[in-house]
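Engineer: Following this note's numbering, the numbering of the sequence shown begins with 260 at its first residue and continues without gaps.
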Amino acid sequence: MEKTYIATLMKTRSFLVLFLLAIFASSCVSKKTLQETATRYEGELAALRDQLYAAQKEIGSLNLHLAERRGANSALTEVQDKLQSRIDALEKELQKNSSQAQTQEKSLNYRIASKDSLIEAQQTAIEAVREAIRESAREMDAFAGVLRDSFQRHPAGQWEVQLLEGQAVLILSEPLLFKSGVTAKVEPLGLAALKTLADILAQYPSLFVDVVGHHDNQPLPRKVLADVWDYTTLRANTVVRTMVRDMELSPGRVLAAGKGPFAPRQSNETATGQAANRRVEFVIFPSANALPKKILELLSQ
260 MEKTYIATLM
270 KTRSFLVLFL
280 LAIFASSCVS
290 KKTLQETATR
300 YEGELAALRD
310 QLYAAQKEIG
320 SLNLHLAERR
330 GANSALTEVQ
340 DKLQSRIDAL
350 EKELQKNSSQ
360 AQTQEKSLNY
370 RIASKDSLIE
380 AQQTAIEAVR
390 EAIRESAREM
400 DAFAGVLRDS
410 FQRHPAGQWE
420 VQLLEGQAVL
430 ILSEPLLFKS
440 GVTAKVEPLG
450 LAALKTLADI
460 LAQYPSLFVD
470 VVGHHDNQPL
480 PRKVLADVWD
490 YTTLRANTVV
500 RTMVRDMELS
510 PGRVLAAGKG
520 PFAPRQSNET
530 ATGQAANRRV
540 EFVIFPSANA
550 LPKKILELLS
560 Q
């Protein structure tokens with residue numbers, strides 16, 4: 260725009276010079292006319308100068324605005340570069356975190372799988388232990404069944420078989436084994452019952468027997484010198500001695516004990532209850548170490 264105004268001004272001045280020369284050359288033109296014409300063109304020239312100044316001012320303003328825009332654009336470009344650098348850094352950090360997360364996830368999955376495998380193995384071992392306990396209970400239940408079947412030929416009401424806490428308990432009454440007040444001699448029917456028991460135990464060499472004598476809370480006959488506790492122990496000893504000596508029961512499998520009146524089956528307030536309490540019990544059970552040993556073997560697998 261500035262070049263256009265300058266070109267116009269130069270053309271105008273050239274035109275004025277030529278025009279004045281033409282006027283001076285013409286003799287027909289009056290001095291007054293020449294003066295009026297010069298004044299008029301001087302006014303036009305001044306107007307053109309004003310336009311040129313305004314144009315130059317506008318050009319300066321435009322140049323300043325352009326510089327500001329260029330500066331703003333440069334600042335924007337710098338900010339954009341910084342933002343891009345930050346984005347690149349964040350993307351790298353994200354990739355790093357993603358890689359670490361994947362590694363941790365793989366490690367966690369491996370640990371979970373290992374724990375699941377361990378838990379499964381432990382559950383298998385626990386189930387095996389439970390099955391061993393159930394199997395032991397089934398074996399004792401089967402043994403109790405054998406006892407019941409075998410003692411059917413002995414007098415009814417004089418014997419009883421129970422299954423208590425994984426142990427088979429054979430209960431023989433006092434009249435079947437001993438006469439009243441006697442501790443050293445087993446009656447013939449009692450010997451037959453003991454022989455039946457010994458024959459069954461011979462088929463189950465892994466089973467053990469506790470022979471326990473019991474009595475009621477009534478005073479003993481005068482001929483008995485021992486107290487009631489010794490009295491029941493003596494009867495248990497006689498039973499054990501008879502089975503070991505005469506019926507080939509291994510002494511390592513049997514133990515004698517007496518509880519006197521301290522473990523009654525029924526109330527001692529009646530004659531029936533007192534009779535039920537005078538008895539000898541045979542508590543039959545697997546080896547105390549057999550089941551724990553089997554459990555330890557299962558857990559160590």
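Glycine included, each C-beta is placed from N, C-alpha and C at the ideal position. Predicted model, so just to flag it, every value in this text is computed and none were measured.
Looking at C-beta atoms only, is the number of pairs between the region 484-499 and the region 461-473 that lie closer than 8 Å three or more?
Structural biologist: The region 484-499, when compared against the region 461-473, does touch it at the 8 Å Cβ threshold.
Engineer: In three-state terms, what does DSSP make of Pro-545?
Structural biologist: Three-state result, Pro-545: strand.
Engineer: CA-CA distance, Arg-512 and Lys-482?
Structural biologist: Cα to Cα, Arg-512 sits roughly 33 Å from Lys-482.
Engineer: Would Val-428 pass as a contact of Glu-540 if the rule is Cβ separation under 7 Å?
Structural biologist: Yes, the pair counts as a contact, with Cβ atoms nearer than the cut-off.
Engineer: According to DSSP, Phe-467 sits in a beta bridge with which residue or residues?
Structural biologist: Partner(s): Phe-544.
Engineer: Taking 7 Å as the cut-off, decide whether the C-beta atoms of Ala-515 and Asn-496 are in contact.
Structural biologist: For Ala-515 and Asn-496, yes; Cβs fall inside 7 Å.
Engineer: Between which two residues does the beta strand (DSSP E) carrying Ala-452 extend?
Structural biologist: Counting along the chain, Ala-452 falls outside any beta strand (DSSP E), though it belongs to the alpha helix (DSSP H) covering 447-461.
Engineer: Quick one: grab the DSSP three-state call for Leu-479.
Structural biologist: DSSP places Leu-479 in coil when its eight states are reduced to three.
Engineer: What is the DSSP secondary structure of Gly-404, counted as helix, strand or coil?
Structural biologist: Three-state result, Gly-404: helix.
Engineer: Tell me which residue opens and which closes the alpha helix (DSSP H) that Ala-535 is part of.
Structural biologist: That run of the alpha helix (DSSP H) goes 530-536.
Engineer: Could you pull out every residue in the same chain whose Cβ sits closer than 6 Å to the Cβ of Ile-543, ignoring the five residues on either side in sequence?
Structural biologist: If we look at Ile-543 and ignore the five residues flanking it on each side, its Cβ neighbours are Ala-427, Leu-466, Val-468.
Engineer: Helix, strand or coil for Leu-514? Go by DSSP, reduced to three states.
Structural biologist: Here Leu-514 sits in strand by DSSP.
Engineer: From Ala-384, Arg-397, Gln-354, Ala-457, pick the residue whose C-alpha is nearest to that of Leu-508; which is it?
Structural biologist: The shortest Cα separation from Leu-508 among Ala-384, Arg-397, Gln-354, Ala-457 belongs to Ala-457.
Engineer: First and last residue of the alpha helix (DSSP H) that includes Glu-433?
Structural biologist: Run containing Glu-433: 433-436, per the alpha helix (DSSP H) assignment.
Engineer: Taking the DSSP output, what are the residues bridged to Glu-419?
Structural biologist: According to DSSP, which records beta bridges pairwise, Glu-419 is partnered with Ile-430.
Engineer: Who are the near neighbours of Val-405 in its chain, counting only those whose CB is closer than 7 Å to its CB and skipping five residues on each side?
Structural biologist: Closer than 7 Å at the Cβ level, and outside the excluded window around Val-405, lie Ile-459.
Engineer: When you compare the CB of Ala-457 with every CB in chain D, is at least one pair closer than 7 Å?
Structural biologist: Here chain D cannot be found, since the structure has a single protein chain.
Engineer: Quick check: the Cα distance between Ala-461 and Pro-520, rounded to an integer number of angstroms?
Structural biologist: Spanning the two alpha carbons is a distance of roughly 31 Å.
Engineer: What three-state label does DSSP hand Val-499 in the structure shown?
Structural biologist: Note: Val-499 maps to helix in three-state DSSP.
Engineer: For Leu-422 versus Asp-400, is the C-beta distance shorter than 7 Å?
Structural biologist: Their beta carbons are under 7 Å apart, which means Leu-422 touches Asp-400 by this criterion.
Engineer: Ordered along the chain, which non-local residues of its own chain (more than five positions away) have a Cβ less than 7 Å from that of Ala-403?
Structural biologist: Hits under 7 Å: Val-420, Leu-422, Ala-427.
Engineer: So what's His-473 in DSSP terms, helix, strand or just coil?
Structural biologist: Three-state DSSP puts His-473 in a strand.
Engineer: Pick helix, strand or coil for Val-441, following the three-state DSSP scheme.
Structural biologist: Correct three-state label for Val-441: coil.
Engineer: Just the Cα atoms here: how many angstroms apart are Gly-416 and Pro-447?
Structural biologist: The alpha-carbon atoms of Gly-416 and Pro-447 are separated by roughly 17 Å.
Engineer: Rounded to whole angstroms, what is the Cα-Cα separation between Arg-500 and Asp-375?
Structural biologist: Cα to Cα, Arg-500 sits roughly 56 Å from Asp-375.
Engineer: How big is the Cα-Cα spacing for Thr-531 and Leu-431?
Structural biologist: Each residue's Cα considered, the two are about 15 Å apart.
Engineer: Find out if the Cβ-Cβ distance for the pair Ala-443, Gly-425 is shorter than 7 Å.
Structural biologist: Against a cut-off of 7 Å, the Cβ pair of Gly-425 and Ala-443 comes out as no contact.
Engineer: Quick check: Glu-433 and Arg-537, are their CB atoms within less than 7 Å of each other?
Structural biologist: In contact: Glu-433 and Arg-537 (Cβ atoms closer than 7 Å).
Engineer: Could you tell me if Ala-306 is buried or exposed, where buried requires 16 or more neighbouring beta carbons within 10 angstroms of its beta carbon?
Structural biologist: Exposed.
Engineer: State the beta-bridge partners of Val-539 as determined by DSSP.
Structural biologist: Note: Val-539 sits in a beta bridge opposite Leu-431, Gly-472.
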